[in-house]
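A.B. asks: Just passing along the structure, written as structure tokens.
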Amino acid sequence: MQRESMEYDVVIVGGGPAGLTAAIRLRQLAMAQKKELSVCVLEKGSEIGAHILSGAVIDPCSLDELIPDWREQDTLLTTEVSHDQVYFLQNKERAWQIPTQFVPASMQNRGNYIASLGNLCRWLSERAEALEVEIFPGFAAAEVLYGEHAEVAGVITGDMGLAEDGSKKPSFEPGMELRAKYTLFAEGARGHLGKQLIANYQLDAGAGAQHYGLGLKELWDCDPQKHQQGLVIHGSGWPLSESGSGGGFFLYHHENNQISVGLIVDLNYQNPHVNPFEEFQRLKQHPLLKDYLTGGRRVGYGARVINKGGFHALPTMHMPGALLIGCDAGTLNYAKIKGTHTAMKSGMLAAETVFDALSEDEQGGKDLQAYAERFKASWLCDELYRSRNFGSALKKWGLYLGGAYNYLDQTLFGGKFPLDLQDDREDRETLKEVADCKQINYPKPDGVISFDRLSSVYLSNTSHEEDQPCHLRLQDRDIPLVINLGHYDAPEQRYCPAGVYEIIEQGEGPQLQINAQNCIHCKTCDIKDPNGNITWMTPEGGGGPNYPNM
Amino acid sequence: MTVLVIAEHNNSELNAATLAAITAATQLKDAVNLLIAGSGCSSVAEAAAKVQGVSRVLLADAPAYEHQLAENVAPLVVRLAEGHTHLLMPATTNGKNLMPRVAALLDVAQISDIIAIKSTDCFQRPIYAGNVIATVQSKDSLKVVTVRATAFEPAIAEGGNAMIDQVEASGDLELCRWERDDVTESTRPDLAQAEVVVSGGRGLGSAENFQLLEALADKLGAAIGASRAAVDAGFVSNDLQVGQTGKVVAPKLYIAVGISGAIQHLAGMKESKVIVAINKDEDAPIFQIADYGIVGDLFDILPALSAELDRSVN
Amino acid sequence: MKVLVAVKRVVDYNVKVRPNGDGSDVEIANAKMSMNPFDEIAVEEAVRMKEAGTATEVVAISLGEAACQDVVRTALAMGMDRGVLVETDARLEPLTVAKLLAAIVKREQFDLVILGKQAIDDDSNQTGQMLAALLGWPQGTFASHVVVDDDRVQVTRETDTGSQTLSFKLPGVVTSDLRLNEPRYVKLPNIMKAKKKHLEKITPLELDVDISTHLETIAVAEPTQRSGGIKVSDAKELVDKLRNEARVI
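Protein chains in written order, with the working numbering: chain A, 1 to 550; chain B, 1001 to 1314; chain C, 2001 to 2249.
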């Protein structure tokens, strides 16, 4: 197909913290050195921040590096963490608070801020635009554009106005080529182009398997009497412990009497009956959490996977003409459950690398190994190295022993305990057959503290153009019924936090129905389908959730 | 001081929405004048005179008002406004077309689509597609208001005895020319306008089974609607969808058949006056908002319901 | 023919709004804002007129705070020639907007003004009719089809019973309904071009229009929640209740 094209020096795919930081740093360098440098950012969400979901407790170190005077400029981050509490939930009633002296140093949050990452991104995008970065929300990068020498030469934006059957509607607009000397992929965890690039250039050769957790989050307006602005609560144990699954929860007291509460469910769970959404709803019924929520009102819901693999799972982050940054590469620090400062740092390192490369040679398209060197020399690499075993230890030795190791490693050895733990099974390979697993009976939602999935999706303000090809592609149409339903009782019915997948009885027996319009772009199905049969593609730009303050 | 209600009619019959506006007017003042502007519409005036609560019918019968074009009717209403505290019209297409024009000519605000009257200058109206109800107060001495007909009981159409005064026509400004009216010829009312809607969900199981709904809808003169699940399953076309991403309806009677009642569906029909739910799952959320519910197999209940409607008519 | 299209910046139709804590207004902090969908249709109609050669110049205007220029830029990216922003932080009512638009129309001698039939935030459905009244122009509201033939416009309107077709001699006002057209997707190069198009800023004071308010919103609240009614045992009882208790059949 003949496509129009536009050229930039640098195209950045994804308007999250990594992408926006890279854009800002590139333009800062260009302006400081009075160089022409065109930068654009593509964002598949309807606006910057629309698809951003995080806790979030943010370590401001990278923001300090990027915009040193941010504190003076705006009331951006205002809620400093005042108290840290860590709990172990023994069962549905009891909770044990871990004494501060036994909380791993990585889990202590003094000096950090409770904030909405979406709003931080909105703020960063204003900074970026002031620096003449072109930001295009509502445009998805659908394909990688390759050059003559198999280098990345940019991206192609998604076609708009295709009907469900793939035919062109009257409003059809073909996607465009956005050509770039260098392309930075900042799509977040399990980016769909990042995944292709990793496979294409074999970037994961030598790296451990990437692991993921599904983070579910709700935002609550809470009873002012119960609100303690600055309080940060983390914990683990029940209810995931009942099914032997891993993960942890958070509950942060933001400004404006708001609380964000969430659960991260490790996607290496084994019992196909596990329903992460229902685990989260059940968790909120624990008195420790319920007390804060009672009298309040849920105002937001969303979900998104996070990388957990850390240092061991980092792929090679450079390839001809492109770099992977932020969670697209997997720079989240799982020991801290923080990815913002690391994503931003990787964005800065990438920007500096690309800027230097373009200063030396305007051609572009090179494989910038310098990025790896900059990364190794940075605090980012050091930080990720120190926390490399945190997740694996929990996975390998369980909560108690793993937790004890983490305490030792993180607090006494500063993450340098001389041991490397790796876990090389992909998350999709861990499910056991349904016959071998205990059924889990989740309680019905009470409509006050716990809710059903569809009324939750409603709060994510999700929408997709109705008449478009399904963006959740099945490689093999028989697998869902023959394998998934037969062996695992169709786990996609449960792991999807938006109820996209349903097995319905209709006429000649069960069928898989894909309600793609409910998709909140979390990427779980792309990860957890037992045969990797589901591929998440970008729907028409602008589709997906519209998170206001997540 | 009195309220002037502008009637919605077709030159032969008084539209029922007018009766609701009259009820709203009687909540404001004791005296209610009703303006019939049309052409050859004396039968409307006679019917209007019998409506309880109407003190006086003003009849402006002139060719210029035949199609009730706002350009011609607005100056008439402006001229008659004096001596009235409120000008009311049902929020029909005509009401929405005319009343803002009247208000602007009078240099006052217009208050759209009210659903409740708090006091003579304070009204409630839905905003954000009904997701929020605003209470608004007017500082104008004359209030120009459109009334949501389903929010007020219709005034009783018989038993009143108002006198009919002919009023002088204001003439044709010839700003606008009527070309034609095309009345949708359909055996079924339009989904968005219907007084009764029968809606089916995935519980119906197939496109063929939607015929069961048609039988019921025929008997009730109802429009057919569907939940998103039924549309996605291919039972019916997309334009029948009621809900967040479909049509928003507020009929007098909404019968939900085999619809579980996801919030996305409720968003499109929860303003209905009376909701009936038929579902085999007694925990279905639809029952939480239904005025009348039947738990059971819809394939038994639908034929029984049709038969019952036949029987009780005869 | 010079065409003016008014565009409003509203909370995106996908975003659910709710009353704020003290019920004084709706809570929309950081919510996505977009061009009112009906206005998008109005813009599309004007751009098509330009493309068809019936319009010589098509101008987009918005009124409100500085951020409203975003929707003007969107209109420019869709193909409008230039933009106007009447900038004020004051709350604007439909009547005020109509007065401001009338002032602009008189200043520039537009022949046709197209507006969305209503904004999806306050759902007033007034501004187009009010503007027509203030200018003494004919109005073709809730348009599903518009044909411009020299100095006459034929408008097919959506009504409660079907449709009605009117015609009038320009100048006039048209308000767009959902079925008038399907707005185009904005193309990336056009977003770039839109940034370079002229956008004039002007204040209500400069237009000499009084923007004081006639209405005050005292409170906003959620609609009353419905509660479940009763279960009936069979079809017979249901028909009886509907007929004799609810009296809806």
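For glycine and all other residues, C-beta sits at the position ideal for the given N, C-alpha and C.
Could you check what DSSP says for M2001 of chain C in three-state terms: helix, strand or coil?
C.D. replies: Of the three classes helix, strand and coil, the one that applies to M2001 of chain C here is coil, per DSSP.
A.B. asks: Kindly provide the ranges of any alpha helix (DSSP H) runs that are 4 or more residues long and lie completely inside the segment 2050 to 2115 of chain C, ordered along the chain.
C.D. replies: Correct list: 2069 to 2078, 2094 to 2108.
A.B. asks: Looking at I259 of chain A: is its Cβ nearer than 7 Å to the Cβ of Y292 of chain A?
C.D. replies: In this structure, Y292 of chain A lies closer than 7 Å to I259 of chain A by Cβ.
A.B. asks: Check whether the Cβ atoms of I58 of chain A and Y252 of chain A sit closer than 7 Å, and answer yes or no.
C.D. replies: No, the pair does not count as a contact, with Cβ atoms beyond the cut-off.
A.B. asks: Distance, Cα to Cα, G16 of chain A vs P469 of chain A?
C.D. replies: The straight-line gap from Cα to Cα measures roughly 26 Å.
A.B. asks: In its own chain, which residues sit with a C-beta less than 6 Å from the C-beta of C1176 of chain B, not counting the 5 before and 5 after it?
C.D. replies: Excluding sequence neighbours, C1176 of chain B sits near L1069, E1071.
A.B. asks: In terms of residue numbering, what span does the beta strand (DSSP E) encompassing T331 of chain A cover?
C.D. replies: Per DSSP, T331 of chain A belongs to no beta strand (DSSP E) and is neither H nor E.
A.B. asks: Three-state secondary structure (DSSP) at H286 of chain A?
C.D. replies: DSSP places H286 of chain A in coil when its eight states are reduced to three.
A.B. asks: By a C-beta neighbour count over all protein chains shown, 10 Å radius and 16 as the cutoff for buried, is R2091 of chain C buried or exposed?
C.D. replies: Exposed.
A.B. asks: When DSSP labels each residue in this structure, what does I2218 of chain C get in the three-state scheme?
C.D. replies: Reduced to three states, the DSSP call for I2218 of chain C is strand.
A.B. asks: Suppose the cutoff is 8 Å on Cβ atoms and the five residues either side in sequence are ignored; what does the same chain contact list for K438 of chain A look like?
C.D. replies: Excluding positions up to five away in sequence, the list reads S243, N271, H273.
A.B. asks: For A351 of chain A and E373 of chain A, what's the separation of their Cα atoms in angstroms?
C.D. replies: Roughly 14 Å between the two C-alpha positions.
A.B. asks: In the DSSP assignment, find the beta strand (DSSP E) that holds V11 of chain A and state where it starts and stops.
C.D. replies: Start and end: 5 to 13.
A.B. asks: For a contact defined as C-beta to C-beta under 8 Å, what are the partners of D221 of chain A on chain C?
C.D. replies: Near D221 of chain A (Cβ distances below 8 Å), the residues of chain C are G2021.
A.B. asks: Taking buried to mean at least 16 other C-beta atoms within 10 Å of its own C-beta, is D2081 of chain C buried or exposed?
C.D. replies: Burial call: buried.
A.B. asks: Would you please verify whether the beta carbon of S62 of chain A is less than 7 Å from any beta carbon of chain C?
C.D. replies: Not one chain C Cβ lies under 7 Å of S62 of chain A.
A.B. asks: Count the other CB atoms within 10 Å of the CB of G2205 of chain C; is the residue buried (16 or more) or exposed (fewer)?
C.D. replies: Correcting the residue type first, residue 2205 of chain C is Leu in the shown sequence and not Gly. Classification for L2205 of chain C: exposed.
A.B. asks: Please list the partners that S455 of chain A has in chain B, where partner means a Cβ-to-Cβ separation under 7 Å.
C.D. replies: Residues of chain B passing the Cβ test: I1263.
A.B. asks: Pull up the distance between the alpha-carbon of D476 of chain A and that of F139 of chain A, whole angstroms please.
C.D. replies: Looking at the two C-alpha atoms, the distance is approximately 29 Å.
A.B. asks: On the DSSP bridge list, what partners appear for R473 of chain A?
C.D. replies: In the DSSP output, where bridge partners are listed per residue, R473 of chain A has A:T535.
A.B. asks: Of all Cβ atoms in chain B, is any one closer than 7 Å to the Cβ of Y8 of chain A?
C.D. replies: Chain B contact via Cβ: absent.
A.B. asks: If you follow the alpha helix (DSSP H) that M2130 of chain C is part of, which residue opens it and which one closes it?
C.D. replies: Where M2130 of chain C is concerned, the enclosing alpha helix (DSSP H) stretches over 2127 to 2135.
A.B. asks: Mind checking who T183 of chain A pairs with in its DSSP beta bridge?
C.D. replies: According to DSSP, which records beta bridges pairwise, T183 of chain A is partnered with A:V11, A:A322.
A.B. asks: What is the DSSP secondary structure of S2212 of chain C, counted as helix, strand or coil?
C.D. replies: Of the three classes helix, strand and coil, the one that applies to S2212 of chain C here is coil, per DSSP.
A.B. asks: Let me confirm a value: I2230 of chain C is counted as buried when at least 16 other C-beta atoms fall within 10 Å, else exposed. Which label applies?
C.D. replies: Exposed is the call here.
A.B. asks: Classify H83 of chain A as helix, strand or coil using the three-state DSSP reduction.
C.D. replies: H83 of chain A: strand per DSSP, three-state reduction.
A.B. asks: List the residues of chain A whose Cβ lies closer than 9 Å to the Cβ of K2120 of chain C, in chain order.
C.D. replies: It should be noted that the sequence gives Ile, not Lys, for residue 2120 of chain C. Within chain A, no residue comes near I2120 of chain C; the closest Cβ sits about 14 Å away, beyond 9 Å.
A.B. asks: Can you tell which of C:A2246, C:K2008, C:S2176, C:G2021 has the C-alpha that lies nearest to the C-alpha of A2219 of chain C?
C.D. replies: That would be C:G2021, whose Cα lies nearest to the Cα of A2219 of chain C.
A.B. asks: Excluding the five sequence neighbours on either side, which residues of its own chain have a C-beta within less than 7 Å of the C-beta of M2130 of chain C, listed in chain order?
C.D. replies: Taken in chain order, the residues that qualify are P2094, L2095, A2098.
A.B. asks: Roughly how many angstroms separate the alpha carbons of V2148 of chain C and E2051 of chain C, rounded to a whole number?
C.D. replies: Distance between the alpha carbons of V2148 of chain C and E2051 of chain C: 13 Å.
A.B. asks: Under a three-way DSSP split, which group does E1153 of chain B fall into?
C.D. replies: Three-state result, E1153 of chain B: coil.
A.B. asks: Looking only at DSSP bridge pairs, what is S2176 of chain C linked to?
C.D. replies: Answer is C:G2116, C:A2143.
A.B. asks: With a cut-off of 8 Å, do at least 3 Cβ pairs link the segment 97 to 107 of chain A to the segment 333 to 343 of chain A?
C.D. replies: Counting Cβ pairs under 8 Å, three or more are found: they touch.
A.B. asks: Could you tell me whether any Cβ in chain B is nearer than 7 Å to the Cβ of Y501 of chain A?
C.D. replies: Judged by the 7 Å Cβ criterion, Y501 of chain A is not in contact with chain B.
A.B. asks: Measure from the C-beta of K2032 of chain C to each C-beta in chain A and report whether the shortest distance is under 7 Å.
C.D. replies: True, the Cβ-Cβ gap to chain A drops below 7 Å.
A.B. asks: From B:V1054, B:V1073, B:S1055, B:R1228, pick the residue whose C-alpha is nearest to that of A1317 of chain B; which is it?
C.D. replies: Residue 1317 of chain B lies beyond the stretch modelled for chain B, which goes from 1001 to 1314, so this question has no answer here.
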